[in-house]
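Residue numbers (UniProt numbering), protein chains in the order written: chain F, 1 to 148; chain Z, 1 to 148. The beta carbon of each residue, even a glycine, is placed where N, CA and C say it ideally should be. For clarity, every value in this text was computed on a predicted model and none was experimentally measured. Encoded as structure tokens, the structure appears first; notes follow it.
Number of protein chains: 2
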Amino acid sequence: MADDDIRARIQQLGVRQQRFERHLAKELGVDAAGIEAMDHLISTGPATPTELARRLEISTAATTLVLNRLETAGHIHRERHPTDGRKLVVTAEQNSAELAYSHVLPMIEGVEQLVESMTPEERMTIQRFLDQLITIYDDATRKTHQNF
Amino acid sequence: MADDDIRARIQQLGVRQQRFERHLAKELGVDAAGIEAMDHLISTGPATPTELARRLEISTAATTLVLNRLETAGHIHRERHPTDGRKLVVTAEQNSAELAYSHVLPMIEGVEQLVESMTPEERMTIQRFLDQLITIYDDATRKTHQNF
DNA sequence: GATACTTGCTAAAAAAATTGATAATCAAGA
DNA sequence: TCTTGATTATCAATTTTTTTAGCAAGTATC
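Shown next, in the form of structure tokens:
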């Protein structure tokens, strides 16, 4: 019976995450795809448009438009790749990165405090739980694909 | 330091959830909004368009279009509200509900097994963790709103 | 060096959302 | 009762964002 409670909470968490992303997007004046791109650029560093397309799971054509919007807004800039002339390197502007980070900070600090408030055993429990949950979603996403 | 690991996992979970939803949408031939609407109708029973709009966090006009698409595809039907002539009652078709459920089943069973494999203490830890996490996201989403 | 692949972009079209307006209904109060 | 104001679902027009298809430039492989 507790399964249902936990599953309901997992779903609710997903709802909140999406809501937070949309909120962030509105707050910063960019669209949701732009937020995800910025997030990737900030947390993993510069990337090429194709890498971003894979990360956002949209076409490279759509990525071009996302980057156009971000560039127009002054949030990123594109440079030529030093060795591969076909590629570009997309980098988040310092100012925009800091602005975005400042908006995400409350969430980060909240999680930080929450994790710190737990015992090492609890942390391990949570970590294992999350890992297995991710695997479950991955498996479930592949499952029906394989009917072909 | 473990905070970062856990936060990364939380984010990854969100990515998988969205991916699963899109996968489901493609699998069933409806859009993501339609999936969420069906989910609500199946798990909480019939609802009015306005209720669905609130749940999906889109306008009632957009909801009308979502319902049109679902109705055309034979996944739902609309009836007049018994007491309030302005309202409609949207109900999921039995066949579609079962079909949708069968596609979500692998995920549900996975979570079920995962929860069953844990001790009562671990379950409580997870539950508290998820509850607090939801609260953190809610707070973070409100935060910058209140700059006005 | 010729051929095939990769990369990022453009253009046209499709998909889906928003905003604003409208018709029908309800709820209260004069 | 009737009228005023609010609510509900829809429609129409516009905007936003994505996809598909195709292309030009660069790279790699043979």
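Does the beta carbon of residue i come closer than 8 Å to any beta carbon on chain F?
i: Leu13 (chain Z); result: yes
i: Leu130 (chain Z); result: yes
i: Thr63 (chain Z); result: no
i: Asp31 (chain Z); result: no
i: Met38 (chain Z); result: no
i: Gln17 (chain Z); result: yes
i: Leu41 (chain Z); result: no
i: Arg9 (chain Z); result: yes
i: Glu93 (chain Z); result: no
Can residue i be considered in contact with the ligand NAP, in the sense that its beta carbon sits closer than 7 Å to one or more heavy atoms?
i: Ile35 (chain F); result: Looking at this structure, you won't find the ligand NAP or any other ligand, since it has none at all.
Classify residue i: buried if its beta carbon has 16 or more other beta carbons within 10 angstroms, exposed otherwise.
i: Gly34 (chain F); result: buried
i: Asn68 (chain F); result: exposed
i: Asp84 (chain Z); result: exposed
i: Ser117 (chain F); result: exposed
Is the beta carbon of residue j closer than 8 Å to that of residue i?
i: Ile42 (chain F); j: Ile6 (chain Z); result: no
i: Thr48 (chain Z); j: Lys87 (chain Z); result: yes
i: Leu56 (chain F); j: Ala37 (chain F); result: yes
i: Ala53 (chain F); j: Gly110 (chain Z); result: no
i: Phe20 (chain F); j: Tyr137 (chain Z); result: yes
i: Leu99 (chain Z); j: Leu28 (chain Z); result: yes
Is any beta-carbon of chain Z found at less than 8 Å from that of residue i?
i: Ala140 (chain F); result: yes
i: Tyr101 (chain F); result: no
i: Glu71 (chain F); result: no
i: Pro46 (chain F); result: no
i: Thr125 (chain F); result: yes
i: Ile134 (chain F); result: yes
i: Ile6 (chain F); result: yes
i: Glu51 (chain F); result: no
i: Gly34 (chain F); result: no
i: His23 (chain F); result: yes
i: Ile108 (chain F); result: yes
i: Glu122 (chain F); result: yes
Sufficient close CB pairs (3 or more, under 8 Å) joining the segment 81-92 of chain F to the segment 111-123 of chain Z: As far as the Cβ criterion goes, the segment 81-92 of chain F does not touch the segment 111-123 of chain Z, which means the pair count is below three.
Quiz item: With contact counted as at least three CB pairs below 8 Å, one residue from each stretch, are the segment 60-79 of chain F and the segment 101-109 of chain F in contact?
Solution: With a cut-off of 8 Å, the segment 101-109 of chain F and the segment 60-79 of chain F do not count as touching, because too few Cβ pairs lie within range.
Note to self: Quick test of the definition: if touching needs 3 or more C-beta pairs under 8 Å, does the segment 8-15 of chain Z touch the segment 128-137 of chain F?
What the structure shows: The answer is yes - the segment 128-137 of chain F touches the segment 8-15 of chain Z, with three or more Cβ pairs under 8 Å.
Q.
With three or more C-beta pairs closer than 8 Å as the rule, is the segment 46-65 of chain F touching the segment 12-28 of chain F?
A. In short, these stretches do not touch, since the Cβ pair count stays below three.
* Asked: Taking the runs of the beta strand (DSSP E) that are 3 residues or longer, which of them lie wholly in the UniProt domain "HTH marR-type" (1-135) of chain Z?
  -> If we require 3 residues or more, the beta strand (DSSP E) runs fully inside the UniProt domain "HTH marR-type" (1-135) of chain Z come out as 76-80, 88-92.
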